[in-house]
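Mapping of the sequence shown onto the working numbering: residues 357 to 461, in sequence order.
Everything below concerns the one structure shown next.
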Amino acid sequence: MDLSNILNEIDKQIAQLQQAKALLTDSSAPRKVGRPGKAVTVKAAASGRKPLSAEAKARIAAAQKKRWAKVKKAAPVVAKKTAPSKKTPAKKAAAPAKGVAVKTA
């Protein structure tokens with residue numbers, strides 16, 4: 357093969373690759389760089405619970421206090437041990453300042 361035939365073959369291959377590239381880029385939307393965005397979700401409707409009245413809240417609080425009193429009454433009384441007092445450690449002597457020569461005798 358002579359040089360002109362080789363160049364013609366290379367040009368044909370380049371043209372085919374450019375056509376393939378054009379087909380691929382036209383058929384799909386250009387992709388954005390980075391992480392894909394979050395999917396949009398529809399918020400669920402409110403659960404339909406009604407707010408409690410002050411009277412209902414007071415009844416619930418009284419019932420809970422009654423339960424706490426029952427548990428507290430049933431629990432055995434344990435005397436608390438006093439922890440031995442800890443002595444505070446003596447302060448350490450200050451270290452010599454950096455960059456200052458220390459004289460020794």
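Note that beta-carbon positions come from the ideal geometry of N, C-alpha and C, so glycine has one too.
Query, Result
"Spatial distance of D358 from I370 (CA atoms)", "19 Å"
"DSSP state of S403 mapped onto helix, strand, coil", "coil"
"Rounded straight-line distance, which links the Cα of T381 to that of G393", "22 Å"
"Neighbourhood of A419 by C-beta distance below 6 Å, restricted to the same chain and skipping five residues each side", "none"
"Inter-residue Cα distance where the pair is L408 and R415", "11 Å"
"Simplified DSSP assignment, three categories, for A425", "helix"
"Straight-line Cα distance separating K388 from E365", "36 Å"
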